[in-house]
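Novice:
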Ligand SMILES: Cc1cc2nc3c(=O)[nH]c(=O)nc-3n(C[C@H](O)[C@H](O)[C@H](O)COP(=O)(O)O)c2cc1C
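Numbering (my numbering), first residue to last: 1 to 368.
1) Where are the alpha helix (DSSP H) runs, 4 residues long or more, that stay fully inside the region 245-307, in chain order?
2) Could you give the distance in angstroms between the alpha-carbon of residue 74 and the alpha-carbon of residue 38?
3) With which residues is residue 324 paired in a DSSP beta bridge?
4) Between the region 185-197 and the region 255-272, do at least 3 Cβ pairs fall closer than 8 Å?
5) Can you say whether residue 228 is buried or exposed, counting buried as having 16 or more other CB atoms within 10 angstroms of its CB?
6) Give a single yes or no on whether residue 177 has its beta carbon closer than 8 Å to a heavy atom of ligand 3.
7) What is the residue span of the beta strand (DSSP E) that residue 166 lies within?
8) Three or more C-beta pairs under 8 Å: does that hold for the region 280-300 against the region 244-260?
9) Below 9 Å between beta carbons: does that hold for residue 133 and residue 11?
10) Any residue with its Cβ nearer than 6 Å to a heavy atom of ligand 1 should be included. What is that list in chain order?
11) Can at least three beta-carbon pairs, one atom from the region 108-119 and one from the region 325-332, be found at a separation below 8 Å?
12) Under the three-state reduction of DSSP, which class applies to residue 65: helix, strand or coil?
13) Report the rounded CA-to-CA distance for residue 272 versus residue 279, giving the unit in angstroms.
14) Could you tell me whether the region 235-247 touches the region 151-164, using the rule of 3 or more Cβ pairs below 8 Å?
15) To the nearest angstrom, report how far apart residue 199 and residue 364 are at their CA atoms.
16) Looking at the structure shown, is residue 230 part of a helix, part of a strand, or coil, going by DSSP?
17) I need the straight-line Cα distance from residue 52 to residue 208, nearest angstrom please.
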């Protein structure tokens, strides 16, 4: 499908960066889920640009529910969230003379939509659309939290700086996630935050951008969720994660870091601890045969440096296809990663909700 994801819970996104609205439709939600505006606003605030490490385009994200909410709870019929775009500066894009931004979707969008696409601010390909994903994801996330499931993401790597990994934390992961979810710049080791922020500021000063790796943990998932082949937990999660603009790699568990080792070091020993089956290590990232094993699902996502940089670059003119140089204008993030982190949480929440609803039924999430 084109702009819709999911089976039991279907998420549809729509809108363009400089159009009147962006939005999301959630179809298949359980009736009776509490819709907590403070929680939705908290999540939107984590995505909102702030300071020199983000774009100067700041939007209030004042959303409205066009449908699907009654007396503060979901009705179970399609829930539509509309978010107006208020801070647009479309002239920046007219001036560009239609030269494709290297690394962005300007050229591929033209190939697919034959020049009819709304290219202002990246149009439908803009990171702006992720505000709608975050608003919709917050509904799914609050339902998951009621079931004891937590999702949290931190900046594991940025430039050559590395944070503490979830793999270094064993017993108190849900507390670490709760703490991370309060931070606007999400790192586990607070000492590394200043250096990472400086690295983003340095890139910005050089008219450049910087990327890195996000690490996500999903805790509290019961064992036995997922499907063996095409709808494996890895397939569903990577499908939705690769839909987030700027994500260029997804790893589950120890993945690329450890697969060249021997089976004896990669295998996770099964143990019975006080009647609960656990694994002694978690190199498989909580998934075996496409199905959850009850251990935390651990994911790493490679987030590329923002494509729109202010340095002059070589490209092509989209009208003539002739070689042309481009000096990008407009307002852009010198790094995507710190804003993408809550988008990653949100798409994971929508996907996990979908898989649980498929396994246990829509009313699994209905709250009395
Ligand atoms: C939260 C967020 C903010 C983004 N901000 C920008 C931006 O300011 N400038 C830009 O060129 N790309 C930005 N991007 C990335 C582009 O949307 C993305 O690179 C582009 O659509 C091409 O898609 P691809 O990188 O997945 O191939 C952002 C992405 C996200 C998730």
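The beta-carbon is built from N, C-alpha and C at its ideal position, and this holds for glycine as well.
As the structure is a prediction and not an experimental result, all values here were calculated from the model.
Specialist: Per the coordinate set shown:
1) Listed in chain order, they are 255-258, 263-266.
2) Taking the first residue of the chain shown as position 1, residue 74 is located at position 74. Taking the first residue of the chain shown as position 1, residue 38 is located at position 38. Between residue 74 and residue 38, the C-alpha separation is close to 16 Å.
3) Locating residue 324 in the chain shown gives position 324, where the first residue counts as 1. Answer is 315, bridged to residue 324.
4) no
5) To locate residue 228, count along the chain shown from 1; it is residue 228. By the neighbour-count rule (16 or more Cβ atoms within 10 Å), residue 228 is not buried but exposed.
6) Looking at this structure, you won't find ligand 3 anywhere; what it does contain is ligand 1.
7) Residue numbering aside, residue 166 sits at position 166 when the chain shown is read from its first letter. Neither: residue 166 is in no beta strand (DSSP E) and is coded neither H nor E.
8) yes
9) Translated into positions along the chain shown, residue 133 becomes position 133. Translated into positions along the chain shown, residue 11 becomes position 11. Yes. Within cutoff.
10) Those satisfying the condition are, in chain order, 55, 104, 105, 122, 125, 126, 127, 130, 244, 245, 246, 304, 306, 307, 308, 332, 333, 336, 339, 340, 343.
11) Counting Cβ pairs under 8 Å, fewer than three are found: no touch.
12) Your numbering for residue 65 matches position 65 in the chain shown. It is a strand residue.
13) Walking along the chain shown from the start, residue 272 turns up at place 272. Walking along the chain shown from the start, residue 279 turns up at place 279. Cα to Cα, the separation comes out at about 8 Å.
14) no
15) By 1-based counting over the chain shown, the position of residue 199 is 199. By 1-based counting over the chain shown, the position of residue 364 is 364. Taking the straight line from one Cα to the other gives about 45 Å.
16) The sequence position of residue 230 within the chain shown is 230, counting from 1. It is coil, neither helix nor strand.
17) Start at 1 with the first residue of the chain shown, and residue 52 comes out as number 52. Start at 1 with the first residue of the chain shown, and residue 208 comes out as number 208. Approximately 13 Å, taken between the alpha carbons.
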